Amino acid sequence: MPRNMKRMSRTAGLPPGTVVHIGSQALEQSRITLMDFDESHLEERQIDKIEDAFPFKESPTVTWINVDGIYDTALIEKLGTHFGIHPLVLEDIANTSQRPKMEDLGEYIFIVFKMLRLDPKTGDVISEQVSLILGRDFVISFQETEGDVFDPIRDRIRDAKTRIRKMKADYLAYTLIDAVTDNYFVILERFGERMEEMEANLVTHPAPDTLQEIHSLKREMIRLRKSIWPLREALSQLGRSESDLIMESTLIYVRDVYDHTIQVIDTLESLRDMVSGMLDTYLSSMSNRMNEVMKVLTIIATIFIPLTFIAGVYGMNFVFMPELKWHGAYFVVLGLMAVVALVMVLYFKRKRWL
Amino acid sequence: MPRNMKRMSRTAGLPPGTVVHIGSQALEQSRITLMDFDESHLEERQIDKIEDAFPFKESPTVTWINVDGIYDTALIEKLGTHFGIHPLVLEDIANTSQRPKMEDLGEYIFIVFKMLRLDPKTGDVISEQVSLILGRDFVISFQETEGDVFDPIRDRIRDAKTRIRKMKADYLAYTLIDAVTDNYFVILERFGERMEEMEANLVTHPAPDTLQEIHSLKREMIRLRKSIWPLREALSQLGRSESDLIMESTLIYVRDVYDHTIQVIDTLESLRDMVSGMLDTYLSSMSNRMNEVMKVLTIIATIFIPLTFIAGVYGMNFVFMPELKWHGAYFVVLGLMAVVALVMVLYFKRKRWL
Amino acid sequence: MPRNMKRMSRTAGLPPGTVVHIGSQALEQSRITLMDFDESHLEERQIDKIEDAFPFKESPTVTWINVDGIYDTALIEKLGTHFGIHPLVLEDIANTSQRPKMEDLGEYIFIVFKMLRLDPKTGDVISEQVSLILGRDFVISFQETEGDVFDPIRDRIRDAKTRIRKMKADYLAYTLIDAVTDNYFVILERFGERMEEMEANLVTHPAPDTLQEIHSLKREMIRLRKSIWPLREALSQLGRSESDLIMESTLIYVRDVYDHTIQVIDTLESLRDMVSGMLDTYLSSMSNRMNEVMKVLTIIATIFIPLTFIAGVYGMNFVFMPELKWHGAYFVVLGLMAVVALVMVLYFKRKRWL
Amino acid sequence: MPRNMKRMSRTAGLPPGTVVHIGSQALEQSRITLMDFDESHLEERQIDKIEDAFPFKESPTVTWINVDGIYDTALIEKLGTHFGIHPLVLEDIANTSQRPKMEDLGEYIFIVFKMLRLDPKTGDVISEQVSLILGRDFVISFQETEGDVFDPIRDRIRDAKTRIRKMKADYLAYTLIDAVTDNYFVILERFGERMEEMEANLVTHPAPDTLQEIHSLKREMIRLRKSIWPLREALSQLGRSESDLIMESTLIYVRDVYDHTIQVIDTLESLRDMVSGMLDTYLSSMSNRMNEVMKVLTIIATIFIPLTFIAGVYGMNFVFMPELKWHGAYFVVLGLMAVVALVMVLYFKRKRWL
Amino acid sequence: MPRNMKRMSRTAGLPPGTVVHIGSQALEQSRITLMDFDESHLEERQIDKIEDAFPFKESPTVTWINVDGIYDTALIEKLGTHFGIHPLVLEDIANTSQRPKMEDLGEYIFIVFKMLRLDPKTGDVISEQVSLILGRDFVISFQETEGDVFDPIRDRIRDAKTRIRKMKADYLAYTLIDAVTDNYFVILERFGERMEEMEANLVTHPAPDTLQEIHSLKREMIRLRKSIWPLREALSQLGRSESDLIMESTLIYVRDVYDHTIQVIDTLESLRDMVSGMLDTYLSSMSNRMNEVMKVLTIIATIFIPLTFIAGVYGMNFVFMPELKWHGAYFVVLGLMAVVALVMVLYFKRKRWL
């Protein structure tokens with residue numbers, strides 16, 4: 002979190018609508034790819050000069066411009082100006098600390114959300130901000146860096162027989178959001194596995210640093226929740242939108258992806274319950290151990306302290322201690338000690354401490 | 002929960018509307034039964050080829066097609082296509098990790114919920130997803146596996162004098178939901194019994210693994226709540242529905258089953274309160290035991306430590322210790338010890354520790 | 002709670018609208034009394050055959066039929082059929098595990114709630130379900146057993162000069178609800194007294210079973226809340242009702258009784274706060290005691306353990322221990338011990354442990 | 002709280018609208034004062050016979066009738082009847098356990114709230130119920146006893162140049178509420194001071210009864226909140242009221258006093274946070290002390306127990322213990338003891354327990 | 002908080018609309034600056050006599066009057082009277098304990114909020130109340146003292162090419178709020194840094210006063226939240242405002258700053274989660290330490306207490322103790338002791354206490 006704060010505080014004092022990149026610079030140069038298609042035709046290419054993308058704005062075919070890397074704010078501004086995007090929206094695109102949201106600006110719809118995916122090498126969760134501009138017959142998507150979860154969609158576009166080729170830009174935008182949402186399940190699955198692992202360890206080897214791990218897990222899940230919860234809201238708005246950019250037939254898909262986010266949140270809540278349960282289990286197992294330790298201490302001490310006292314008494318050096326000279330007194334005392342110990346043990350048994 | 006996540010993550014990357022079975026494959030082959038009836042007529046039969054069911058769609062009689070087993074997605078798609086069901090709905094039917102919900106799609110209403118029943122052999126709770134398609138004069142129900150709580154309904158349909166024979170498909174759909182809801186009470190009763198058993202044990206033999214059991218109970222109840230709570234919402238929507246598929250006279254029944262779900266949730270909340278209470282009782286009884294243990298330790302130690310010290314003093318080997326040679330000194334010291342012990346005991350009595 | 006579950010699960014599998022008695026059978030035979038009155042006339046009698054009550058339905062005078070005992074479901078059905086009550090409502094009347102609610106069914110209004118009163122002998126709280134049918138010029142009330150809080154109302158009806166004789170059936174129904182609500186205060190007063198008693202004990206004699214009592218109190222209050230909270234909702238609906246069964250001039254009374262339920266809930270919340278406070282007080286007083294015990298142990302042990310060690314050193318049997326032979330060494334060692342003890346005590350004083 | 006319950010239960014069984022005094026009888030005889038004024042004229046007098054106040058009802062000047070003491074229910078009823086007040090409202094006026102509320106009854110508006118002020122002698126908080134009837138050109142206020150926070154308002158009325166002389170009855174009612182609300186700040190200030198005092202003590206002398214005090218403070222603040230929170234609601238209703246008794250120009254004042262109640266609640270919440278913080282501080286300082294005590298015990302015991310054991314070994318009376326006869330063995334053993342003690346101390350240092 | 006209470010209680014008894022300065026007197030004399038501009042023209046000057054500012058009210062250019070210091074209530078009243086500000090609003094301006102809010106008064110909009118900034122010297126957070134009056138073509142801002150976060154805005158106004166010179170007064174008001182909101186991030190960044198520092202210390206040197214610090218941090222964050230949360234509400238109202246003082250084109254900016262406040266609150270919530278986590282970490286690390294201490298005590302005591310008892314037995318002075326005379330008995334006893342110790346250690350190892 003402090004990460005984002007640092008970045009946001011950089012803009013204090015700048016006029017609104019100033020497009021400033023806020024975030025870690027993941028990519029030096031932006032990489033732009035373009036797919037232009039309708040049912041019968043497909044053009045796919047890499048764009049080097051942003052101006053090459055401009056003519057596609059007016060074409061009746063669906064155009065998907067994907068920008069990897071948002072460090073080059075000049076490029077974003079050029080693109081924005083041509084496609085008629087409001088400066089404040091461009092500011093939001095360049096700022097990677099956005100809360101997921103949806104804004105209907107009449108001529109286009111702006112949606113921003115977090116794409117989560119697993120790093121194929123380390124297995125860590127990578128969070129990346131994706132901004133979508135859904136206009137009439139075009140979708141522009143901005144990502145922080147290369148690598149995304151959209152490859153299956155690209156494959157489907159390349160296949161002329163798929164539904165995506167028959168539909169409009171709104172369906173493409175939906176498909177992108179759907180892919181991101183589906184991937185949330187992959188992430189949650191991984192969390193679930195990690196938790197199961199920890200839970201097993203919890204019972205066998207509870208260690209103080211387990212607590213740290215549980216807390217870090219909890220924190221990660223709070224962060225996840227912060228990424229996903231507002232998306233649900235944004236999709237709900239999208240589903241109720243009266244914008245003519247979204248066709249009637251697409252609305253059922255939007256409601257479906259909205260249902261998916263609810264399922265994600267439900268699963269997340271279940272995981273949170275699990276984490277809370279783990280915390281309780283950890284704490285109570287720690288306290289149980291402590292109690293056992295204390296019980297052993299008490300039992301040992303309570304049995305031996307009186308015995309030691311008896312031994313102490315007969316260790317006194319008084320000249321006139323008649324018992325000392327009695328024959329067999331030693332064994333009587335030993336017997337007494339055994340009786341005292343036995344009584345103690347029986348007492349503890351009755352109290353169910355043993 | 003992780004169970005569902007694993008299954009959901011399988012669809013990541015697939016186009017929306019792909020009917021993929023998600024869930025444990027409970028049944029190799031789907032089993033389809035059909036009941037077609039009106040006030041005067043009843044036809045009941047097993048369907049081997051799904052096409053045999055198609056003619057019933059157009060008949061003015063009420064048709065109930067029940068599909069046990071949703072692994073055969075081809076069959077679901079065929080059925081769906083003939084009855085005009087949207088691919089996304091079919092996807093939902095095949096995916097057993099749905100949240101209970103109700104969707105009005107104009108030509109038909111889609112309702113999905115969890116059917117809970119006790120395994121007649123083991124007594125465990127079996128959760129199965131049931132999807133209902135309520136169309137004009139037909140109801141299609143999909144279940145994960147054989148065995149359900151609908152047998153009393155089948156008997157009632159076979160009896161020509163029952164109300165169900167006089168009513169339309171909406172009443173049949175209501176009856177199915179009602180049967181499922183009524184069974185929730187059976188499940189809750191079982192939970193209640195299990196809890197009462199545990200509660201009794203809690204007082205007599207609190208054991209560390211009791212805690213595990215309480216937590217598992219709590220978790221099961223959270224899961225139950227997740228199954229039932231959204232159903233309430235779905236039924237509330239159904240009750241306010243303006244669909245012409247639901248007749249005015251059926252609405253009072255829908256509100257009644259809605260009331261039942263509220264009662265189920267109320268009972269569930271009471272059980273949750275009981276579980277919380279049990280947790281508190283367990284923790285405080287554990288801590289009370291601990292306190293008692295500590296008190297005994299303190300009393301024994303505090304009485305004997307000073308006595309042992311006195312014995313130690315007279316066990317010292319100094320050559321010049323005048324008391325040692327006094328006649329009767331031994332008994333004086335023993336008396337002193339008794340006095341010290343007595344003072345201690347009185348002190349503890351006054352402090353109410355004994 | 003488990004009580005209710007057991008009863009509800011009995012109906013699983015029965016068709017909806019089957020009037021089944023759910024509850025403990027408090028009364029073998031139903032007892033029916035009838036009061037029929039207007040400003041100038043009053044007829045009061047006991048009904049033996051239910052058919053005797055039927056003619057009163059059509060009379061323009063206000064008719065109050067009170068049924069004690071709902072075990073005889075045949076009677077309820079007969080009454081229901083004649084007065085045109087829906088089978089589902091009759092099912093609800095016979096089932097004593099209803100949540101308080103209000104339903105406007107056009108021709109009549111159905112209200113169900115819990116009547117709480119103190120058993121005049123044992124002083125226990127008796128909870129009984131009361132169902133009201135408010136129709137045009139008649140009120141039918143169903144109670145589980147004999148004995149209720151309505152006697153002052155009967156007296157007022159017998160007095161020709163009271164407002165109740167001048168008003169319609171809606172005012173009678175309001176009066177019944179008002180009597181029940183007023184009695185809630187009596188119950189709460191009793192709770193309050195019990196709590197004050199317990200609170201006093203809490204400070205003087207905190208005992209482990211006090212905790213059990215506090216928890217049971219808490220549980221009872223949760224149950225109370227469950228009885229009263231939904232009534233508030235039902236009354237709110239009644240107050241906003243547009244039914245022509247409720248006259249404009251009665252609405253202010255309904256709002257007044259609604260205000261009373263809010264006050265009851267407020268008082269209940271205060272009592273709950275008190276219980277929570279008691280729990281805190283109990284726990285912290287237990288922990289304070291424990292701390293004191295531990296402190297005493299520590300102080301005694303910490304003072305005597307070093308002294309005992311010194312005694313032990315001079316109890317060693319080494320042949321060459323020069324101090325042993327020094328004249329006065331014994332007293333020097335005693336002095337040393339005194340100094341050590343003093344230092345310890347001063348240390349504890351400074352630390353404010355003594 | 003139990004106080005109110007006792008009083009409320011007194012009305013159980015009485016017909017609604019019976020004006021029964023509920024509350025402690027603070028004043029034997031009601032004292033009535035009247036101020037009648039418009040811009041140019043002012044009449045102020047004490048009323049002995051309530052009938053003397055009746056003519057003012059019809060006068061076009063603003064009339065303020067203030068009744069101190071509500072024990073004389075006959076007087077309240079007489080006043081109510083003449084001014085056309087509904088019996089249920091009169092019942093509410095006589096019952097001092099009202100929740101603050103506002104009711105628009107068409108011909109007049111009824112507002113009831115709690116007036117809090119500091120007893121000028123003891124400094125305790127005095128809570129008194131004030132009921133206002135705002136009619137066309139008159140305001141009737143009922144208080145439980147003499148003494149109020151309205152003296153500055155009386156002074157302002159006596160001054161012909163003030164705004165209050167130019168405005169209507171609604172402004173007068175607002176002014177009364179405003180005076181009460183302003184006084185809440187005085188009460189909160191006192192609470193704040195008391196808390197600061199306690200907080201200082203908390204750090205220097207935490208004592209078990211501090212806990213009691215904190216809890217009592219918490220309870221008082223909950224009670225305060227209960228008095229103020231519903232007032233906020235009532236004022237919000239007043240601010241949105243469409244009654245023609247409240248003039249457009251007064252609405253901004255009502256909204257202002259509504260803002261003040263929000264500020265009061267805000268401050269109250271801050272105080273509650275402070276109390277919670279104090280509780281945490283107390284508990285953790287108690288537990289810190291305990292931990293320190295335990296640490297000292299452990300360190301002393303752990304150092305001396307092994308040493309005492311060594312001394313014990315050489316205190317044994319075996320005939321053949323070669324070390325005993327070695328010259329210097331005593332000093333070797335003393336040295337050994339020193340080494341053991343040192344190792345222990347170093348161990349504790351490393352563990353940071355010392 | 003108590004600070005504000007004290008101040009507020011000063012106004013109790015004063016007529017509403019009395020402009021009383023509530024707050025610490027930060028500035029003896031108010032300092033007024035004025036900027037008057039449109040696209041082509043800019044006049045900037047310091048105002049000594051408030052009357053000099055009056056002519057600008059009517060000018061069609063945008064006028065920004067900034068008042069530093071609100072102690073001089075006469076000046077505020079003069080300004081207010083000329084610009085037609087309601088006395089209650091003037092009262093609010095002079096009272097620095099306002100809750101952030103927005104009020105649409107038709108002729109002008111009143112917005113009040115807290116400006117937070119870091120003291121450039123000490124690094125402390127300075128909170129200052131800013132009140133804005135947005136009228137037709139003028140903005141009046143009141144601050145408690147000199148120094149603010151508006152200098153970048155002043156620079157932008159001085160630059161003729163900026164957007165602010167082309168827009169109306171509503172845009173100026175927005176810009177002021179935006180500057181304040183942006184600065185919240187700077188404050189949060191500082192909090193974040195402080196927390197990270199503390200968190201590092203928490204693991205390495207947990208000390209009792211860490212708790213105090215965490216609590217104070219928590220308290221500061223609650224206060225921050227109280228400053229920011231109502232602002233969100235106020236901006237939401239502003240964004241939905243139908244006032245003709247706010248132009249359509251400005252609304253998107255208002256929504257943008259509203260989004261920023263949501264982000265601030267989100268970040269604040271994250272920080273609060275962090276603080277809670279720190280508290281948990283602290284408490285559990287304290288309790289872990291305690292447990293370790295107790296374990297060491299138990300192990301040492303449990304091993305040596307039985308050994309000391311054995312030594313005690315053979316320290317007894319009975320005349321007839323046959324073992325004492327056995328040759329080698331001493332070494333047998335030493336061996337016995339070693340075995341006992343070993344058994345203990347193995348037992349602890351098996352129990353995983355070592």
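Protein chains in written order, with the working numbering: chain A, 2 to 355; chain B, 2 to 355; chain C, 2 to 355; chain D, 2 to 355; chain E, 2 to 355. Backbone N, C-alpha and C define an ideal beta-carbon position, used for all residues, glycine too. Being a predicted model, the structure only gives us computed values, none of them experimental.
How should residue i be labelled, buried or exposed, when 16 other C-beta atoms within 10 angstroms of its C-beta is the threshold for buried?
i       : result
I327(A) : The residue you asked about is not Ile; residue 327(A) is Trp in the sequence shown. Exposed.
F305(A) : buried
V344(B) : exposed
E40(C)  : exposed
D179(E) : buried
H261(E) : buried
M338(D) : buried
Q99(B)  : buried
Tell me where the alpha helix (DSSP H) around residue i begins and ends.
i       : result
I306(B) : 249-315
M345(E) : 330-351
D152(A) : 152-159
Rounded to the nearest angstrom, how far is the Cβ of residue i from that of residue j, given a contact under 8 Å?
i       : j       : result
T82(E)  : A95(E)  : The pair is not a contact, with the Cβ atoms about 14 Å apart (cut-off 8 Å).
T303(D) : I301(E) : 5 Å
So what does DSSP say about residue i, is it helix, strand or coil?
i       : result
R100(C) : coil
V181(B) : helix
Q30(C)  : coil
V21(E)  : coil
W354(D) : coil
What residue does the beta strand (DSSP E) around residue i start on, and which one ends it?
i       : result
R164(D) : R164(D) -> not in any beta strand (DSSP E); alpha helix (DSSP H) instead, spanning 164-167.
G136(C) : 126-136
D69(C)  : 63-69
L15(D)  : No beta strand (DSSP E) contains L15(D), which DSSP labels as neither H nor E.
Would you list, in chain order, the members of the segment 255-285 of chain C that have their beta-carbon closer than 9 Å to a beta-carbon of chain D?
-> R256, D257, V258, D260, H261, I263, Q264, V265, D267, T268, E270, S271, L272, D274, M275, G278, D281, T282, S285
Report the residues of the segment 114-128 of chain C with a CB closer than 7 Å to any CB of chain D, ordered along the chain.
-> none
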